[in-house]
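Asks:
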Amino acid sequence: SELEGRLENAPNLKDIPGTLFLGGGVPVTADKAPIAGIGVAGAPSGTLDEKFAQAGAAALN
1 SELEGRLENA PNLKDIPGTL FLGGGVPVTA DKAPIAGIGV AGAPSGTLDE
51 KFAQAGAAAL N
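Mapping of the sequence shown onto our numbering: position 52 corresponds to residue 52, and the numbering continues sequentially without gaps.
(1) Check whether the stretch 5–21 touches the stretch 45–56, taking contact to mean three or more Cβ pairs, one atom from each stretch, closer than 8 angstroms.
(2) Spatial neighbours of GLY24 within its chain, please: CB distance less than 7 angstroms, with the 5 preceding and 5 following residues excluded, ordered by chain position.
(3) Nearest-angstrom Cα distance between VAL26 and GLY37?
(4) Please report the distance separating the alpha-carbon of ARG6 from that of ASN12.
(5) For THR29, collect the residues of the same chain with a Cβ closer than 7 angstroms to its Cβ; drop the 5 residues on either side in sequence, then sort them by chain order.
(6) Taking the beta strand (DSSP E) that GLY39 belongs to, which residues open and close that run?
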């Protein structure tokens, strides 16, 4: 995912108190601005969670 790539380039982001970075979430946008998010959990991998979240976000457009 895009987030995983960012974390590889900036591993100190994982150390921000009160944060948890997991696959399965995608932004919902309107006019290219983020307005909400969709998170999915329960699939065998974060990659699948993210795929299903992307499908949900696409259905809103």
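Cβ coordinates follow ideal geometry from the N, Cα and C atoms, glycine included. This structure is a prediction, so every number in the text was calculated from the model and none was measured.
Replies: Looking at the atomic coordinates:
(1) no
(2) GLY39, VAL40, ALA41, GLY46, ASP49, GLU50 and ALA53
(3) 6 angstroms
(4) 11 angstroms
(5) ILE35
(6) 33–39
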